[in-house]
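Residue numbers (the working numbering): 160 to 637. C-beta atoms are modelled at their ideal positions from N, C-alpha and C, and glycine is treated no differently.
Okay, here's the thing in C-alpha cells:
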C-alpha cells in the first residue's frame with residue numbers, strides 16, 4: 160500500500176473518531192444540562208417557599224409574637240372523570256378544578272402551584288412586604304450549593320405574557336444559553352410568576368463533566384499516539400523491505416562477478432590449454448583463490464555481524480601496532496584501486512588495545528568506503544591520538560563526496576548506504592550496506608564508539624575510539 164493511501168486512511172480514521180467523540184460529548188452535555196435544569200427547578204420552588212417563611216418570621220418578630228405555627232386554609236374542589244377515576248362520586252361537591260385524566264404527578268404540581276400563590280398572597284397581606292429578591296437569590300444559591308451546583312444566579316418576576324416585571328440583577332434574559340427554571344406562581348390568579356436564572360451554565364455543566372472531558376482527552380491522545388505509532392511501524396517495515404530488496408540485489412551483484420571468474424577460470428584450467436603455460440596457469444589459480452577469499456569474506460562479514468548482535472563473539476584484545484596494519488591495508492587497496500590514491504600519515508599514538516583481526520577489518524571497511532565514495536583522485540589521511548578521557552582514537556579522512564547531514568544519523572544502520580543507496584543499480588558503488596554497521600558493531604563490542612564528521616562535497620572523517628587499558632592479553636565474551 161502506498162504511503163499516501165496510509166495517510167489518507169489515518170486521516171479519515173481520526174476524523175471519524177473525532178466526530179464520534181463530538182457526538183458523545185454533545186449528548187453528554189445535553190444530558191448534564193437537563194439534569195442541572197431539573198434540579199434547579201425543584202430547588203427554586205423550595206427557595207421561594209423558604210423566602211416566604213423568612214418574611215413571615217420577620218413579620219412575627221416585628222409584632223413581638225412568639226414562635227408558633229401559622230395555619231392557612233386552602234379549599235378547592237375537583238371534578239373527577241368517572242371512567243379514569245373509578246370509585247369517585249359522580250357529582251363533585253363544588254365546581255373547581257377539572258380532574259379528568261389528571262395523574263398523580265400533575266395533581267401534585269397543581270397543588271404546589273396553588274399553595275405557592277396562596278402563601279405569597281397571605282404573607283403579603285399580613286406584612287405588606289413584597290418578595291425580597293436579594294434574600295431569594297441567597298437562599299437559591301445556598302440550595303444549589305448543597306447539591307454541588309456552584310452557580311451564579313438571579314431571580315425575576317414575570318407577568319402572564321412573559322415580560323420581566325422585576326429582577327434582582329441587571330442581566331439580560333434574552334440569552335438562550337441561560338438556564339431558566341420553570342415559572343412559580345406568585346399569586347393565586349397566576350398573573351405573576353417567579354423564575355430563577357443560572358447565568359453561568361457552561362461552567363456548571365463542564366465542571367460536572369470534568370472527569371469525562373479529561374478521560375476523553377486522554378483517550379484521544381492515546382488513539383492518536385497509537386495511530387501515529389502504527390503508521391511509523393508500517394513505514395519502517397516498508398523501509399526494511401526496500402533495504403532487504405537492495406541488499407539482495409547488492410549481494411547478487413557482488414557475488415556474481417567472483418562466481419563468474421571462478422567458473423570461467425575453472426573451465427580454462429580444466430580444458431588443459433594452460434598446461435604448457437605455467438605462468439598463466441599460476442595466475443589463474445591466484446585469481447581463483449582471491450575470488451574465493453572474497454566470497455568467504457562476504458559470508459564471514461554477515462555471520463560476524465549476526466554474532467555481534469547476539470553477543471556471541473569472543474574478542475581477544477591485545478596491544479596492536481597501528482602503523483603496520485594501516486601500511487598493509489594501504490598497499491593492498493592501492494593495488495586494487497582503479498584510480499590514483501595518495502596516503503598521508505599523522506600517527507601520534509602508535510598502538511591501541513583491541514582485537515587485531517577485527518581492528519584490521521574495521522579499518523579495512525573505512526578505507527574501502529573512502530575509495531568507493533571519492534572522485535577520480537583519492538587522498539586518505541590516517542591520524543591517531545591519545546585523549547585525556549582515557550581513550551585512543553584512530554581517524555580515517557578522505558576527500559570524497561561527503562555525507563549529507565540528514566543521512567549522518569543513520570549511516571551505521573544495517574543495509575544503509577546513505578546518499579549512495581540505490582546507486583549500484585545505476586552503475587555506482589556497489590556493496591551490501593554492511594560495512595559501516597560492521598564497524599559500529601565491532602566498536603560496540605570493544606566498549607568504544609565510532610563517529611563521523613562530514614561536509615557534503617568536501618570530505619568525510621570517521622573516528623573510532625578504543626578504551627585505553629594495560630596491554631595484557633585476555634579475552635572477553637561479548
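I need the straight-line Cα distance from residue 518 to residue 601, nearest angstrom please. 8 Å
Residues that residue 354 bridges to, as DSSP identifies them: BP columns for residue 354 point to 315.
Reference residue 186, options 285, 365, 172, closest by Cα: 365
Apart from the five residues on each side of it in sequence, which residues of its chain come closer than 6 Å, Cβ to Cβ, to residue 421? 447, 450
Under the rule that 16 or more other beta-carbon atoms within 10 Å means buried, what is residue 532, buried or exposed? buried
Under the three-state reduction of DSSP, which class applies to residue 527: helix, strand or coil? Looking at residue 527 - three-state DSSP - the assignment turns out to be helix.
Hey, residue 354 and residue 315: beta-carbon distance below 7 Å or not? yes
When we look at the beta-carbon of residue 459 and count the other beta-carbons within 10 Å, is it buried (16 or more) or exposed? exposed
May I ask you to report which of helix, strand or coil DSSP gives residue 563? In the structure shown, residue 563 sits in coil (DSSP, three-state: anything other than H, G, I, E or B).
Among 348, 221, 627, nearest to residue 514 - alpha-carbon criterion: Cα-wise, what sits closest to residue 514 is 627.
So what does DSSP say about residue 309, is it helix, strand or coil? coil
Using the three-state DSSP reduction, which class does residue 628 fall into: helix, strand or coil? coil
Do the stretch 390 to 408 and the stretch 342 to 354 make contact, defined as three or more Cβ pairs closer than 8 Å? Result no; under three Cβ-Cβ pairs closer than 8 Å.
State the Cα-Cα distance for the pair residue 605 and residue 425, rounded to the nearest angstrom. Roughly 41 Å between the two C-alpha positions.
Does the separation of the CB atoms of residue 103 and residue 561 fall below 7 Å? An answer regarding residue 103 cannot be provided, because it is not within the stretch 160 to 637 covered by the chain.
According to the neighbour-count rule (16 or more other Cβ atoms, all chains shown, within 10 Å of its Cβ), is residue 613 buried or exposed? Buried is the call here.
Taking the CB atoms as reference points, tell me whether residue 609 and residue 625 lie closer together than 7 Å. No, the Cβ-Cβ distance between residue 609 and residue 625 is not below 7 Å.
Just the Cα atoms here: how many angstroms apart are residue 571 and residue 565? About 13 Å.
Checking the sheet assignment: what are the DSSP bridge partners for residue 545? Residue 545 is bridged by DSSP to 551.
If you reduce the DSSP assignment to three classes, tell me which class residue 535 lands in. Residue state for residue 535 is assigned as coil, using DSSP reduced to three classes.
Close beta carbons around residue 621, own chain, < 6 Å, minus the five adjacent residues each side: 525, 555, 611
Any heavy atom of the ligand HEM closer than 6 Å to the CB of residue 427? This structure lacks the ligand HEM; in fact it carries no ligand of any kind.
Spatial neighbours of residue 443 within its chain, please: CB distance less than 8 Å, with the 5 preceding and 5 following residues excluded, ordered by chain position. Counting only Cβ-Cβ distances below 8 Å, and skipping sequence neighbours, we find 424, 427, 428, 433.
Spatial neighbours of residue 508 within its chain, please: CB distance less than 6 Å, with the 5 preceding and 5 following residues excluded, ordered by chain position. 543, 544, 545, 551
Mind the definition here: the stretch 276 to 290 touches the stretch 301 to 311 only if three or more C-beta pairs lie below 8 Å; say whether that holds. Taking a cut-off of 8 Å for Cβ pairs, the stretch 276 to 290 and the stretch 301 to 311 do not touch, as fewer than three such pairs fall below it.
Below 7 Å between beta carbons: does that hold for residue 485 and residue 541? Yes, they are a contact pair.
First and last residue of the uninterrupted alpha helix (DSSP H) at residue 494: Looking at the DSSP string, the run of the alpha helix (DSSP H) that includes residue 494 is 481 to 495.
Taking buried to mean at least 16 other C-beta atoms within 10 Å of its own C-beta, is residue 340 buried or exposed? A residue is called buried when at least 16 other Cβ atoms come within 10 angstroms of its Cβ; residue 340 meets this threshold and is buried.
For residue 496 and chain D, any beta-carbon pair shorter than 7 Å? Within the model displayed, chain D is absent; a lone protein chain is all it includes.
Report the partner residues of residue 191 according to the DSSP bridge assignment. None; residue 191 has no bridge partner.
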